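Only one structure is covered here, and it is reproduced in the block below.
2 protein chains.
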Amino acid sequence: MGIETIGTWKCFGGTQGIYRHASEATGTDMRVSVFMPPESASPPPVLYWLSGLTCTEENFTVKAGAQRYAAEHGLAIVAPDTSPRGEGVANVDDYDFGQGAGFYVDATQAPWAEHFRMYSYVSEELPALIAKSFAVDGSRQGICGHSMGGHGALTVAMRNPQRFRALSAVSPIVAPSRTPWGEKALAGYLGEDREAWLAHDACALVETRGWGGDILVDQGTDDEFLADKLRPELFEEACGKAGVPLTLRMQEGYDHSYYFVATVIGDHIAWHAERLKRD
Amino acid sequence: MGIETIGTWKCFGGTQGIYRHASEATGTDMRVSVFMPPESASPPPVLYWLSGLTCTEENFTVKAGAQRYAAEHGLAIVAPDTSPRGEGVANVDDYDFGQGAGFYVDATQAPWAEHFRMYSYVSEELPALIAKSFAVDGSRQGICGHSMGGHGALTVAMRNPQRFRALSAVSPIVAPSRTPWGEKALAGYLGEDREAWLAHDACALVETRGWGGDILVDQGTDDEFLADKLRPELFEEACGKAGVPLTLRMQEGYDHSYYFVATVIGDHIAWHAERLKRD
């Protein structure tokens, strides 16, 4: 389970790297972006970033401007690819299913079940690999993501509270069992039994499992996917029922792009740093 | 000379836009990125950003993270493409000549002379277009750039001190008449008469024309082009002779990439804001 360096660059006093490794979970090579902040007396906490539909490990790395804040707060950032890829990996031509659209589930349906195991990859294999390969504090981990990656962050965290102690999301899919992108992905990867979908639905999970901390969600009001595909009000309602403190910020005039992610990422990194550095 | 909007996005409270217009200088459509900071009582000063080899208007826009600082300091940023493009525009397969490599000169040699007029475009047409199309203070303009764009910023500013009152560069080509990228470009666009090249050589210009202010240059020490293609020590020597105050910062461990640009762009924007806001 070794990790191979594709490239490293000094950035804001730290090191931005792109790495590749053979994944047991997906049975493919996976690429991952890791930013290590400037060296300090103790190993840094880690923030996992999960990206949205069509993204690779690169989009967040070059577009979000996160390194500045991670350096400032002394956080490592780990941003994996959004699915297995390559020849021999099942695919379709859709932007919202198949390669680039793993949805952070372990597929049970053919032909996806063979490689599309992003849930196991992100919740188990990747944290173990990072803790082994980088000088980070694996006992202090937070998770955040955008769109499909916001869905991933919320669901992976709520199912693994022992592993992640801080949680936030930007423009997340919160109710995939009831909204278009999610219904397509969950039916395709998990089959038609809608009960099985609820293990990957943030609204269902917060009501059944809750969350031991508070959650930050940012959402642009001019997001073209807001009304039918994202529906943050459903998560607000579910958190209310579950008694989980949610800070939902509806940000006037912002859309679904990385220009919005860049605008709010500083607040998310500060949010995670504050929670991950508590004793 | 109207400007057409390709897209706009809210970003850090301001507006990031990509625009297209028919250029008289180049005889082609040109694309340009404009960031307007959040509205304030008076129109903002303008910082022109010139990009390096292979770039379009997009690289700086998505990779530098400049919008945050521009919003903070109340500066507009204008980042044009690096050359004319399209069918009917001369080209070669080289990354360092032809489309994507205009070198901010007005070509005199066939087949380049017809469209490759980036000097006129950047020093005359574009500032006029921006002043007409956006609510900016066209009397307060600074210019900055990276690599080939650093060369552009230095040479365009020194030849047009009435138009640009603040000047800086990141990893600039400073002596194109004596270094590989420059020799190839100047010979190709301007012909073999080396005297003509000196009008586009920052080291020559600072000695013949000087500069009425101070200049900031950042350069990474691990830049793969430092020793033979960039040679900032030549500019330091020329500024010394000319009595022009140069702040040359050799930044330990940084390379030629946008990870370095992102690391220092905040300092450059602060540098320009301070100088452009003086009475």
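So the protein sequences, as listed, match chains B and C. Taking the working numbering, the leading residue of the first sequence gets 1, the next gets one more, and so forth. Taking the working numbering, the leading residue of the second sequence gets 1001, the next gets one more, and so forth. Even for Gly, the Cβ is constructed at its ideal location relative to N, Cα and C. If you're wondering where the values come from, they're calculated on a predicted model, not measured in any experiment.
Around F1012 of chain C, the beta-carbon contacts reaching into chain B at under 7 Å are T263. Among the CB atoms of chain B, none fall inside 9 Å of the CB of S1033 of chain C. The segment 221 to 234 of chain B and the segment 253 to 265 of chain B touch, with three or more beta-carbon pairs separated by less than 8 Å. Shown here for T263 of chain B: same chain residues with a beta carbon closer than 7 Å to its own, the five before and five after excluded, namely Y254 in chain order.
Spatial neighbours of A1242 of chain C in its own chain (CB-CB distance under 6 Å, excluding positions within 5 residues in sequence) are listed in chain order as V1206, E1207, G1210.
Three or more Cβ pairs drawn from the segment 1129 to 1147 of chain C and the segment 1159 to 1170 of chain C lie within less than 8 Å of each other, which places the two stretches in contact.
With respect to the C-alpha of W181 of chain B, the residue from B:F97, B:R117, B:P43 having the closest C-alpha is B:F97. With respect to the 9 Å criterion, G149 of chain B and C239 of chain B are not classified as neighbours on the basis of their beta carbons. The residue from B:H21, B:P43, B:P80 with its alpha-carbon nearest to that of V32 of chain B is B:P80. In this structure, P127 of chain B sits near Y48 of chain B, with a CB-CB distance shorter than 9 Å. With respect to the C-alpha of S171 of chain B, the residue from B:G188, B:A135, B:L234, B:M158 having the closest C-alpha is B:L234.
DSSP, read as helix, strand or coil, puts S1123 of chain C in helix.
For R1020 of chain C, the uninterrupted beta strand (DSSP E) run begins and ends at 1014 to 1022, by DSSP. Among the residues of chain B, those whose CB is under 8 Å from the CB of V1062 of chain C are V62, K63, Y258, following chain order. Against D255 of chain B, the close residues of chain C are W1009, K1010, in the order they occur along the chain (beta-carbon pairs closer than 8 Å).
Per DSSP, the continuous beta strand (DSSP E) segment holding R1249 of chain C begins and ends at 1246 to 1251. Spanning the alpha carbons of D93 of chain B and R194 of chain B requires a straight line of approximately 25 Å. The count of Cβ pairs closer than 8 Å, one atom from the segment 1037 to 1047 of chain C and one from the segment 1112 to 1122 of chain C, stays below three, leaving the stretches out of contact. By a beta-carbon distance limit of 8 Å, G74 of chain B contacts S40 of chain B. Their separation comes to about 6 Å. When secondary structure is reduced to three states using DSSP, T1008 of chain C falls in the strand class. Put simply, of B:L216, B:A175, B:S83 the residue whose alpha carbon is nearest the alpha carbon of L226 of chain B is B:A175. Per the C-alpha coordinates, the member of B:G102, B:A66, B:T28, B:S42 positioned closest to L190 of chain B is B:G102.
Closest in alpha carbon position to R275 of chain B, among B:T221, B:E192, B:I215, is B:I215. Exclusion of the five residues before and after T1247 of chain C leaves L1216 as the residues of its chain whose Cβ lies within less than 6 Å of its Cβ. Residue environment: Y95 of chain B is assigned as exposed (fewer than 16 neighbouring CB atoms within 10 Å of its CB, all protein chains considered).
With a 10 Å radius around the Cβ and a threshold of 16 neighbouring Cβ atoms, P1111 of chain C comes out exposed. Note on E1125 of chain C: 16 or more other CB atoms within 10 angstroms of its CB, so buried under the neighbour-count rule.
Contact between F1012 of chain C and A1076 of chain C is ruled out by a C-beta separation of about 13 Å, above the 8 Å threshold. Each of C:T1108, C:G1086, C:T1155 was checked against the Cα of D1029 of chain C, and the nearest Cα belongs to C:G1086. The C-alpha of G2 of chain B is placed about 9 Å away from the C-alpha of K132 of chain B.
Less than 9 Å divides the Cβ of K10 of chain B from the Cβ of F1260 of chain C. The shortest CA-to-CA distance from T179 of chain B to any of B:A153, B:S147, B:P161 is the one to B:S147.
For R278 of chain B, the number of other beta carbons within 10 angstroms of its own is below 16, and it is reported as exposed. Beyond the five residues adjoining it in sequence on each side, G1212 of chain C comes within less than 7 Å, by CB distance, of P1161 in the same chain, given in chain order.
Note: Q1141 of chain C is bridge-paired with C:V1046 in the DSSP secondary-structure output.
At a C-beta separation below 9 Å, R68 of chain B has these neighbours in chain C: G1065, R1068, A1262, T1263, G1266.
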